[in-house]
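Residue numbers (our numbering): 5 to 145.
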């Protein structure tokens with residue numbers, strides 16, 4: 005890279021909620037899944053185990069963080085993925101009458117019979133549903 009070259013500070017492609025949800029599933033598979041917190045508070049590693057909502061936030065920006073600490077652009081992208089995932093988990097009908105997506109996902113994630121595999125599979129299934137609903141051209145399956 006030449007000294008005058010300025011690398012992009014934003015992704016060179018626009019991420020969709022499906023991209024973020026799939027990346028969140030990979031995050032959980034590689035870094036681990038947890039309950040009760042966005043990220044495991046008992047570790048000091050840069051990428052601790054996460055709940056589903058924490059993994060979505062990490063997948064949005066590439067670091068462990070909470071929505072309140074995101075830039076407005078990143079927060080908007082994270083909330084789009086969080087809202088879609090919450091809607092996927094439970095069809096709320098009127099989008100103006102849904103509970104807070106982060107809390108809803110947290111409650112779902114923290115259910116006593118929830119497993120890491122289920123969280124990972126559900127994130128991937130929701131990503132597939134986003135793609136199905138937002139087909140952008142080409143051949144249909």
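All C-beta atoms, glycine included, are put in the ideal place defined by N, C-alpha and C. Quick caveat: nothing in here was measured; it's all calculated off a predicted structure.
Mapping the DSSP letters down to three states, classify residue i as helix, strand or coil.
i: residue 43; result: strand
Measure from the alpha carbon of residue i to the alpha carbon of each residue in the options, then state which is nearest.
i: residue 55; options: 40, 47, 116 and 18; result: 40
i: residue 138; options: 88, 114, 115 and 109; result: 88
i: residue 18; options: 84, 68, 59 and 43; result: 84
i: residue 104; options: 140, 115, 71 and 59; result: 71
i: residue 114; options: 20, 38 and 21; result: 38
Have a look at residue i and residue j and give me their C-alpha separation to the nearest angstrom.
i: residue 33; j: residue 62; result: 13 Å
i: residue 107; j: residue 116; result: 16 Å
i: residue 46; j: residue 109; result: 22 Å
i: residue 93; j: residue 111; result: 11 Å
i: residue 31; j: residue 67; result: 10 Å
i: residue 135; j: residue 20; result: 9 Å
i: residue 124; j: residue 43; result: 16 Å
i: residue 118; j: residue 29; result: 15 Å
i: residue 36; j: residue 140; result: 33 Å
i: residue 64; j: residue 73; result: 12 Å
i: residue 122; j: residue 86; result: 17 Å
Please check the pair residue i and residue j, which I expect to be a contact at CB under 8 Å, by giving their CB distance rounded to whole angstroms.
i: residue 82; j: residue 60; result: 6 Å
Between the segment 18 to 26 and the segment 127 to 137, are three or more C-beta pairs nearer than 8 Å?
-> Under the Cβ criterion (8 Å, minimum of three pairs), the segment 18 to 26 counts as touching the segment 127 to 137.
Are at least three pairs of beta-carbons, each pair with one atom in the segment 72 to 80 and one in the segment 41 to 53, less than 8 Å apart?
-> Contact between the segment 72 to 80 and the segment 41 to 53 is absent: fewer than 3 CB-CB pairs across the two stretches fall below 8 Å.
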